[in-house]
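All remarks here apply to the structure that follows.
Numbering (mature numbering (1 follows the signal peptide of the UniProt record, and there is no 0)), first residue to last: -28 to -1, 1 to 513.
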């Protein structure tokens, strides 16, 4: 599915746009709407262009944003989220009860539910799913687990099943459709956490081929779910979703180039494209397209590797923070409404305390700090992804150019290190220990509204990404996980943000407004700040 260079240039010229280099992944050469060829075809196909492709079909073994978005279409969780209020609601669990001391949760499952492969939903199936999540570390192996980062089961329950820190005591089928989860300590935010797409319930009968292929990488082998879609035809650039309980099929097209996504919308080859950037916003508005903005529940940051011999010095890390003109970066490269981040949680989840250190742009102070550290022009590699964008990181090359220019102006000797995002290459290398990597671009989307989650994912365990371990932070996060007093929990999480602002394992850059654009034939798209955007709810003209 490739768009010719000539066709692309002609299309962009008609829009008054200049292409950014040679197109990579491309759109179909025709705008004809054809259904996905599956046994469950419908009369229409909804087509959405996304900035990077999903890494796998199993949301339990990755932190990949695109994988998690697709998981919401094919699978269901025990607990769901109300589309209007954001409250926790029954999904595959028709009801649940929590013991007075909070250590026992009993889930009553919906009956007469069947997976796409014909397997019946029973308590034993749910028990097997819990076992799979809890042993994801063994399933992936040490090297692949390190590259994936800390997975949701470990974040929510404090560790994997084989680790002493894990708060799960047992998960048992106490009836045909009743599951009892027993905890060593209560987890007050557990029910909300179980709405994370990583806790999708899948059919154990569909795991064998997937697990066998893991040794070769994260495969796109379909798992069976109970959602409104099942996996359809998949290629390197397109994932098909076949309607089971929906009015249309879906094609998710990977289109890393922003202007190709815009061209796809203009030529009606796309109904929606995600990853709107300021450079195309005016064109979209003038053409009458609807731009749907998400609330800022994502954070973009500049990671700092403290294993680097120069960046191990706190004065150097402080110089990095003071060298960055984040307000200027936001004004030119982010959508209006984005704002500077001084911590990793947006204020809607955790108010910033006065004790969080803020680093305002001050090039002279940055130079003085470098002089105090004895910095003598040693090269600092700046890693950034190519060949893809993220929902929270539009046009990473431009972000690199802005930030590296500011660092160079403060006296840093910056060396560009572009790394392809494809096949998880960028994530794999950024998460691995290295003394060469200096700083890198990355971010996180918030899939649940809990200030603990991103902090625990980033900082509760030492990782190769930052090479930073703070015992006080580790203890505070473990305590916050089981703290049922809201004020005490907030104080613990605030202390973590304060410690991170002092040690600077990363510089939070921005809480970006992210947005997508919909074509004239889309009457409704279910926008969500936590990317709970159910394609079955899309309404096409």
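Note that CB positions come from ideal geometry on N, CA and C, so glycine has one too.
- Inclusion of residue 439 and residue 480 in the CB contact set at 8 Å is not warranted, their separation being larger than that value.
- The criterion of a C-beta distance shorter than 8 Å is satisfied by residue 141 and residue 155.
- If you draw a straight line from the Cα of residue 314 to the Cα of residue 326, it is about 11 Å long.
- Counting C-beta atoms within 10 angstroms of its own C-beta, residue 474 has fewer than 16 neighbours from the protein chains shown and is therefore classed as exposed.
- Nearest to residue 376 by C-alpha distance, out of 160, 508, 410 and 442, is 410.
- The C-alpha of residue 42 lies about 16 Å from the C-alpha of residue 488.
- According to the DSSP assignment, residue 265 belongs to the beta strand (DSSP E) that extends over 262 to 265.
- Counting only residues of its own chain and dropping the five nearest sequence neighbours on each side, residue 384 has a CB closer than 6 Å to the CB of 352.
- By the C-beta density criterion, residue 55 is exposed, having fewer than 16 other C-beta atoms within 10 angstroms.
- Proximity of the segment 270 to 278 to the segment 415 to 423 meets the contact definition, three or more beta-carbon pairs being nearer than 8 Å.
- By the C-beta density criterion, residue 114 is exposed, having fewer than 16 other C-beta atoms within 10 angstroms.
- Only residues of its own chain outside the window of five on either side were considered, and among them 49 have a CB closer than 6 Å to the CB of residue 171, listed in chain order.
- Around the beta carbon of residue 21, a 10 Å sphere encloses 16 or more other beta carbons of the protein chains shown; the residue is thus reported as buried.
- Under the criterion of beta carbons closer than 8 Å, residue 508 and residue 217 qualify as touching, at roughly 7 Å.
- About 16 Å separates the Cβ atoms of residue 367 and residue 274, ruling out a contact at the 8 Å cut-off.
- Annotated three-state conformation of residue 372 is helix, per DSSP.
- The continuous beta strand (DSSP E) containing residue 490 extends over residues 487 to 490.
- For residue 87, the three-state secondary structure derived from DSSP is coil.
- Here residue 17 is buried: its Cβ has 16 or more other Cβ atoms, across all protein chains shown, within 10 Å.
- Relative to residue 386, the option among 372, 396, 392 and 393 whose CA is nearest is 372.
- For residue 171, there is no enclosing beta strand (DSSP E), as DSSP marks it with neither H nor E.
- Fewer than three pairs of CB atoms, one per stretch, sit closer than 8 Å, so the segment 326 to 335 makes no contact with the segment 441 to 449.
- As for any beta strand (DSSP E) of minimum length 3 sitting wholly inside the segment 268 to 337, the runs are 270 to 276, ordered along the chain.
- In this structure, 390 is the residue among 342, 390, 364 and 374 with its C-alpha nearest to the C-alpha of residue 358.
- With fewer than 16 other CB atoms across the displayed protein chains lying within 10 angstroms of its CB, residue 496 is exposed.
- Residue environment for residue 336: exposed (fewer than 16 other C-beta atoms within 10 angstroms of its C-beta).
- With respect to residue 74, residue 158 sits close: the two C-beta atoms are nearer than 8 Å.
- As for any beta strand (DSSP E) of minimum length 3 sitting wholly inside the segment 385 to 457, the runs are 385 to 392 and 409 to 417, ordered along the chain.
- With contacts defined by Cβ atoms closer than 8 Å, residue 234 and residue 247 do not form a contacting pair.
- Inter-residue distance for residue 451 and residue 461 is about 8 Å (C-alpha atoms, whole angstroms).
- Ranked by Cα distance from residue 84, the first of 500, 78 and 92 is 92.
- Here residue 307 really is in contact with residue 485; their C-beta atoms are around 4 Å apart, less than 8 Å.
- Here residue 202 is buried: its Cβ has 16 or more other Cβ atoms, across all protein chains shown, within 10 Å.
- Excluding sequence positions up to five before and after residue 40, its CB lies within less than 6 Å of the CB of 31 and 169, all in the same chain and listed in chain order.
- Rounded to the nearest angstrom, the Cβ distance from residue 240 to residue 491 is 6 Å, consistent with a contact under 8 Å.
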